[in-house]
Structure formats: structure tokens, C-alpha cells
Amino acid sequence: MAEVLVVVEAGVKKVTLEMLTIARGMGDVSAVVFGDADTAKLGEYGASKVYVASDPAVRDHLVAPKATVVASLVRQVSPAAVLLASTQEGKEIAGRLAVKLDNGLLTDAVDVAADGTATQVVFAGSGTVRSRVTRGLPIVTVRANSVTPSPSAADPVVTALDVTVSDSDKLATVVERVAEPKGARPELSEASIVVSGGRGVGNAANFTLVEELADLLGGAVGASRAAVDSGFYPHQFQVGQTGKTVSPQLYVALGISGAIQHRAGMQTSKTIVAVNKDPEAPIFELADFGVVGDLFTVVPQAADEIRKR
Amino acid sequence: MNIVVLVKQVPDSGAARTLGADLTVERASAGNVINEMDEYAIEEALKLKEAYGGTVTVLTMGPAHAAESIRKALAMGPDEAVHVTDEALAGSCAVNTSTVLAAALRTVNADLVLCGAESTDGRVQVMPHMLAERLGIAALTGARKLTVDGARLTVERQTDEGYEVVTAPTPAVVSVWDTINEPRYPSFKGIMAAKKKPVRTVSIADLGLTPEEPTSAVLEFSPRPPRSAGTKVVDDGAGGTQLAGYLAAGKFV
Ligand SMILES: Cc1cc2nc3c(=O)[nH]c(=O)nc-3n(C[C@H](O)[C@H](O)[C@H](O)COP(=O)(O)OP(=O)(O)OC[C@H]3O[C@@H](n4cnc5c(N)ncnc54)[C@H](O)[C@@H]3O)c2cc1C
Ligand SMILES: Nc1ncnc2c1ncn2[C@@H]1O[C@H](COP(=O)(O)O)[C@@H](O)[C@H]1O
Numbered sequence: 010m011a012e013v014l015v016v017v018e019a020g021v022k023k024v025t026l027e028m029l030t031i032a033r034g035m036g037d038v039s040a041v042v043f044g045d046a047d048t049a050k051l052g053e054y055g056a057s058k059v060y061v062a063s064d065p066a067v068r069d070h071l072v073a074p075k076a077t078v079v080a081s082l083v084r085q086v087s088p089a090a091v092l093l094a095s096t097q098e099g100k101e102i103a104g105r106l107a108v109k110l111d112n113g114l115l116t117d118a119v120d121v122a123a124d125g126t127a128t129q130v131v132f133a134g135s136g137t138v139r140s141r142v143t144r145g146l147p148i149v150t151v152r153a154n155s156v157t158p159s160p161s162a163a164d165p166v167v168t169a170l171d172v173t174v175s176d177s178d179k180l181a182t183v184v185e186r187v188a189e190p191k192g193a194r195p196e197l198s199e200a201s202i203v204v205s206g207g208r209g210v211g212n213a214a215n216f217t218l219v220e221e222l223a224d225l226l227g228g229a230v231g232a233s234r235a236a237v238d239s240g241f242y243p244h245q246f247q248v249g250q251t252g253k254t255v256s257p258q259l260y261v262a263l264g265i266s267g268a269i270q271h272r273a274g275m276q277t278s279k280t281i282v283a284v285n286k287d288p289e290a291p292i293f294e295l296a297d298f299g300v301v302g303d304l305f306t307v308v309p310q311a312a313d314e315i316r317k318r
Numbered sequence: 068m069n070i071v072v073l074v075k076q077v078p079d080s081g082a083a084r085t086l087g088a089d090l091t092v093e094r095a096s097a098g099n100v101i102n103e104m105d106e107y108a109i110e111e112a113l114k115l116k117e118a119y120g121g122t123v124t125v126l127t128m129g130p131a132h133a134a135e136s137i138r139k140a141l142a143m144g145p146d147e148a149v150h151v152t153d154e155a156l157a158g159s160c161a162v163n164t165s166t167v168l169a170a171a172l173r174t175v176n177a178d179l180v181l182c183g184a185e186s187t188d189g190r191v192q193v194m195p196h197m198l199a200e201r202l203g204i205a206a207l208t209g210a211r212k213l214t215v216d217g218a219r220l221t222v223e224r225q226t227d228e229g230y231e232v233v234t235a236p237t238p239a240v241v242s243v244w245d246t247i248n249e250p251r252y253p254s255f256k257g258i259m260a261a262k263k264k265p266v267r268t269v270s271i272a273d274l275g276l277t278p279e280e281p282t283s284a285v286l287e288f289s290p291r292p293p294r295s296a297g298t299k300v301v302d303d304g305a306g307g308t309q310l311a312g313y314l315a316a317g318k319f320v
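Quick note, the sequences are listed as chains A and B, same order.
In this note's numbering, each number is its position in the first sequence, counted from 1, plus 9.
In this note's numbering, each number is its position in the second sequence, counted from 1, plus 67.
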């Protein structure tokens, strides 16, 4: 069986385990790792090979060196497919890889069949398509929360990659990385529960109400663009067309009207719950459970009730 | 500093969108607009021109009616435009689009190529890196801040962990996020002036290219079944308790 390359982003994310699970249905799974690798974890989900690229260029320069590494590996092992995460970086590597190999690519897949045909979400969740690459091998980026990761133990062989990175790959240099404290909450785009607040939350201080409910449910916090633009919550938590796309098991919208651009980022959520004082708010059109009421009374009451259970 | 801004015309994301009978994005119908993020790229280009001089050129690949979006873009202030349009480009995939845009970029002399971080129709986020790869220059993507110091560009970009500062020499491609600025509205004077600004229309043959088969194909499209509205309760003092009950029944607590 041919190899299927799974490109791993730093830290082995949930989407990595999902890709390993999908890849097992397509061929022998090989993980490609940049820098340190949690080889044990990759093996646990079925990677029989782990390729490690540790050239410092990969760390110090944006994307281009990673694409060079993957392209050279593709030329070497002729894999059946390459899977990457549908994150900004994953898509960017995929884009460069497609150009280098003169090959098609598919982004935002929620499933990939054994033959490389992918199911993709289009128009911000208002439809899906089945597509395939018609030039070259399937290069597919996979969205988080697409499949349930399932373990399948393997004992991976680790191979160090020795790839020469060209000067033009080193043009974009990272001069500083600043970590901002984000507490213990799960990563927004991968969380299985997301609690979001909108303009109805009123001000930044009130967002603690949103955070409290998120923490009780073990979820991540999100925000509408109106909440972000009003300075209630940082931009990195914005959900929607110009923010993050989330697809959790549960999405709770508090004081959010449900504008089409907000829906764009959350309408593929499995269960949607909304609290809004306007019975006509469009968010109710997609809510599985909606409470017409003031979030400042409904949310604390719900939180108390949850604490009691 | 000579700047090229990539502007794509897209179906209005505020309206229902669909695929046509040929399973490519339906672009003929009314309600096409400038891809929102590209307006931020235009604004950034104009600010740089105001600070450092030079020219701002709009580059669009799209059908004939994309000309409307080009005029709208020019009304904001750019000097001129290049419109790549060709029957053979209908339904073009990202890979082939990048071949065409790269070829068009080679015909202009740009120190900086500015574009949106992503388009609302495809949301593929791949164009800046594809172009950089083809042109052998750097790509700095998702900028929320851009500073120019002679021939050196520095951007600040948000990451999941916080943010990072990345630098590259010109020429380079920089894609911008909607946090970078506040795009201006075209003035009446701007709209009038735009009518007279030069727009060069080019075919792929003019760029020395021949038509290529798309590198990927859609086999089937299924609109998402509308979500059936669920239970809606009006809070009469027990709304929070009912909400907690619903979450408990769904095993979320
Ligand atoms: C090109 C483009 C891109 C966009 N991208 C995004 C995006 O990525 N994400 C996004 O979210 N938006 C986006 N928007 C903006 C979008 O159109 C809406 O303006 C925005 O989503 C509104 O946010 P909101 O629902 O919080 O605010 P509002 O629409 O003002 O709604 C606030 C809601 O809170 C309710 N409310 C008020 N007080 C209370 C209370 N005490 N208790 C309960 N309910 C209360 C109100 O009834 C109302 O329904 C975009 C717009 C455009 C044009
Ligand atoms: N056909 C096109 N014409 C001009 N610019 C484009 C075109 N396609 C993409 N772009 C630019 O590339 C950016 C990213 O697009 P995408 O990779 O399609 O998400 C857009 O915001 C545009 O600035």
C-alpha cells in the first residue's frame, strides 16, 4: 500500500488525530513533523512512519521551508495523498505544495474517501460538495471536528529528513513571537463546546458571564464581530465570516442576532442554543433550543442550575 | 513605491449563494461585490502611496462584469487597473488562477503586491503564497499591521497563540486582515475620476498563456438542508432552568 502523508502542526492538535484516522482508510500512514514530535501520540493513532524535519529554517521562516520539505518527500516516496490541517498555515503549505508539484488541491474537507475524493464545506456551511483533484495526487486540507479520532496502535519508525532549503524560502523571517495569555480554555477552532457573546452582552466586564458559562461547560469562548468591534473581547475570538469557523458539538449564542456573516462561522455546529431577548432574532431560525429572554437573568440562573447538578 | 492590489469580485456573502449547472460558482447573477478583505488591501495601498508616493494598480481576474468592481475600486483612489478576462478562465481553479495572476504581475513592476487574506466565496487563503511561490518572492500573510522601511516590510500577524512579527525585503506579497485599517468610502469626486482612469483589459493569450484544464473538479453539490427550528421558550422566570435542563438532557453537563 502506498503511503499517505499527514502534515502535523506543532503540538499534535485534535485535527491531527482526525487526519490520522482518515488517512488509515487511504493507505499506510506517515506523519511529517517539523521540530519536536510527540511520536508516541502519532503512533497511538496509527502512524507507522514519522518523518522529522528539524532544519532551523523551518522555525525561523514562514511556511515556504515547510512546503519545500513536504515537496521533496512527495518526490521521494510518491504518496497516495497528502493531508494537511485546514488552518491558515496548513492551507498555505498546501498552496505552495500545489504550485511546486503542479498539482490540484482541495481545502476545507470534512471527509476524504479511500480514493482521495473529498467532501468539502462550501459557502460558509450552506452546502457541501464532493470533489476530486484532477491533476496530480490528492492534496487535501481537513477541517477540525470533522471525524471522531479513533486510536489504532502502531510503532512508528522515525526518519530524520535532510532537506536543503533554498534562499528564496528564507525571505520571510519571523523576528518575534509573542504569546498572549489565553488561560486553560480549549482552542476555539477545535473546541467541542463554544459559548459566544454578542453586542447584547453590553460591555467588556459583562463578558465574564460568557466565560463563566463556558468554563462550567468546559468550552471555549467566542464573540460576534459587533462584540469585537465594540471592544468587549479580543479579535482572535471572533466567530464568523471574517473570524474563526467553528463546528462544535454545542454552540451557545448569547445576545447574538445571528447575522448571515456570523452564521457563516458556526452554522455547521451540531447543536445550537441561543438566548436573545428579541423573539424575532434570526438566530432562533437555526437554534435547536432558544430562550427568549434577558441573558442577564437567564444565564446566571442556568449557571446556578448547572452547578447544582 | 509601486503597489499592485489584487481585487476579486465575489458573490455578495450577505445573499444566498449557489453553484451553477456546471458546478462552478454562480457569478452571473446580480449581487456581485468587491471581496470585503480586498477593500482593506486597497486602503492600505492608498495610505502607503500617500506616505511614500508611487502608483497603485488594481489587478483583477474575472468575467466581464468584474469591470463594475474595478470601477468601484478605482473610485477609492487607485491610479489604474488591469483586468484579466477570458472565456477560457470560467471556473478556473486556484492553481490556474495563480498562474494567470503571476503572469499578469510579471507585466507590471510592483514593489509590493497587496491582497486580502481570503476571499469570501472560496475562503481558500492560498493565493498570496501561490503567487509568492511562482514569483520567487516572500509572502507575509494575515497582516493586522504593516510598516515599510525603505525596501523592508514588517508585518504583525495574529496567531492562535498571540501574534508574531515577520519581516521580508521587497518585492513581496502581503495579505491583510480586516483589523488593519478602516477602508474609506469613495467620494463623489473619486467616483467621477474613476470613470476616466485607464483599465487595461488583457486575455490569457496577451499574457502568453494557453488555456489549462482545472486541477480539481466538483462531482456533486448538495445544499445544506435548512435547519429545522427547534424548541423556543419564552423566559417567564424559569428560562435559565429550562436551558440547563436542555443541556443536561443533551449530556453537555
Ligand atoms: C463582510 C462582512 C463580514 C462580517 N463578518 C462577521 C463575522 O466574522 N462575525 C460576526 O459575528 N459578524 C460579522 N459581520 C457582522 C454581522 O453582519 C453583524 O453585524 C454582527 O454579527 C452582529 O453582531 P451581534 O449579533 O452581536 O450584534 P447585533 O446584531 O446588534 O445583535 C445583538 C443581539 O443581542 C440581543 N440582546 C441585546 N441585549 C440583550 C439581553 N440583555 N439579553 C438577551 N439578548 C440581548 C438583541 O436582541 C440582538 O439580537 C460581518 C459583516 C460584513 C458586512
Ligand atoms: N481572481 C482573482 N483576481 C484578483 N485577485 C484575486 C483573485 N483570486 C484571489 N485574489 C486575491 O487573493 C486573495 C485571497 O484569495 P483566496 O486565496 O481565493 O482566498 C483575495 O482576497 C484577493 O485579493
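For every residue, glycine included, the Cβ atom is placed at its ideal position computed from N, Cα and C.
The structure displayed is predicted, hence computed values, not measured ones.
{"query": "Chain B contact for A/GLN85 (CB, 9 angstroms cutoff)", "result": "no"}
{"query": "Any non-hydrogen atom of ligand 1 within 8 angstroms of B/GLY81 CB", "result": "yes"}
{"query": "Interface flag, A/ASN212 vs chain B, CB-CB below 9 angstroms", "result": "no"}
{"query": "As assigned by DSSP and simplified to three states, the class of B/HIS132", "result": "coil"}
{"query": "Contacts of B/THR282 in chain A (Cβ-Cβ under 9 angstroms)", "result": "ALA107, ASP111, ASN112, GLY113, LEU114, VAL142, THR143, ARG144, GLY145"}
{"query": "For B/GLY304, the three-state DSSP class (helix, strand or coil)", "result": "coil"}
{"query": "Ligand 1 site residues, beta-carbon cut 5 angstroms against heavy atoms", "result": "A/GLY207, A/ARG208, A/GLY209, A/SER233, A/ARG234, A/ALA235, A/GLY249, A/GLN250, A/THR251, A/GLY252, A/GLY264, A/ILE265, A/SER266, A/ALA268, A/GLN270, A/HIS271, A/ASN285, A/LYS286, A/ASP287, A/ALA290, A/ASP303, A/LEU304, B/GLU103"}
{"query": "Interfacial residues, the region 282-309 of chain A to chain B, with Cβ spacing under 8 angstroms", "result": "VAL282, VAL284, PRO288, PHE293, GLU294, LEU295, ALA296, ASP297, PHE298, GLY299, VAL300, VAL301, GLY302, ASP303, THR306, VAL307, VAL308, PRO309"}
{"query": "Segment limits, beta strand (DSSP E) that includes A/GLY8", "result": "Chain A is shown from 10 up to 318; residue 8 of chain A falls before or after that span and cannot be answered."}
{"query": "Sheet register partners of A/VAL300 (DSSP bridge)", "result": "A/VAL284, B/VAL300"}
{"query": "Which of helix, strand or coil DSSP assigns to B/LEU314", "result": "helix"}
{"query": "Touching by the beta-carbon criterion (3+ pairs, under 8 angstroms), the region 50-57 of chain A and the region 66-77 of chain A", "result": "no"}
{"query": "A/ALA89 beta carbon less than 9 angstroms from that of A/GLY36", "result": "yes"}
{"query": "Test: B/ARG173 CB closer than 9 angstroms to a CB of chain A", "result": "no"}
{"query": "Residue-level contact to chain B via CB, A/SER135, 9 angstroms cutoff", "result": "yes"}
{"query": "C-beta atoms of A/ALA235 and B/GLY307 nearer than 9 angstroms", "result": "no"}
{"query": "C-beta contact flag for A/LEU115 and A/THR137 at 9 angstroms", "result": "no"}
{"query": "Proximal chain A residues relative to B/SER80, where beta-carbon distance stays under 9 angstroms", "result": "PHE132, ALA133, GLN250, ILE269, GLN270, ALA273"}
{"query": "Distance cut-off 8 angstroms: B/ASP153 Cβ against heavy atoms of ligand 2", "result": "no"}
{"query": "Element boundaries [alpha helix (DSSP H), containing A/GLN85]", "result": "73-86"}
{"query": "A/ILE265 at chain B interface by Cβ criterion, 9 angstroms", "result": "no"}
{"query": "8 angstroms contact criterion, which B/ALA184 and B/PRO278 should meet: CB distance rounded", "result": "Wrong, their Cβ atoms sit about 29 angstroms apart, outside the cutoff."}
{"query": "Interface partners of A/GLU189 on chain B, CB under 8 angstroms", "result": "GLU228, GLY229, TYR230"}
{"query": "is_contact[B/GLN192, chain A] using C-beta, thresh 9 angstroms", "result": "yes"}
{"query": "A/VAL172, buried or exposed, once every other Cβ within 10 Å from all chains shown has been counted against 16", "result": "buried"}
{"query": "Span separating the alpha-carbon of B/GLU326 from that of B/GLU231", "result": "Limits of chain B in this structure are 68 at one end and 320 at the other, which puts residue 326 of chain B out of reach."}
{"query": "Assigned exposure category for B/GLU287 - 16 Cβ within 10 Å defines buried", "result": "exposed"}
{"query": "Whether B/VAL167 touches B/GLY144 by CB criterion (9 angstroms)", "result": "no"}
{"query": "Proximity test, B/GLY129 beta-carbon vs ligand 2 heavy atom, cut-off 8 angstroms", "result": "yes"}
{"query": "Partners in chain A for B/ASP302, counting only beta-carbon separations shorter than 8 angstroms", "result": "VAL300, VAL301, GLY302, ASP303, THR306, VAL307"}
{"query": "N- and C-terminal bounds of the alpha helix (DSSP H) containing A/ILE31", "result": "23-33"}
{"query": "Proximity test, B/SER186 beta-carbon vs ligand 3 heavy atom, cut-off 8 angstroms", "result": "This structure lacks ligand 3; its bound ligands are ligand 1 and ligand 2."}
{"query": "C-beta neighbour in chain B for A/ARG351, strict 9 angstroms", "result": "The shown model of chain A, from 10 to 318, leaves out residue 351 of chain A, and the question about it has no answer."}
{"query": "CA nearest to the CA of A/PRO165, picked from A/VAL307, A/LYS317, A/LEU29", "result": "A/LEU29"}
{"query": "For B/THR268, the first and last residue of its enclosing alpha helix (DSSP H)", "result": "No alpha helix (DSSP H) holds B/THR268; the beta strand (DSSP E) holding it covers 266-269."}
{"query": "Meets three-Cβ-pair contact criterion under 8 angstroms: the region 222-240 of chain A and the region 195-209 of chain A", "result": "yes"}
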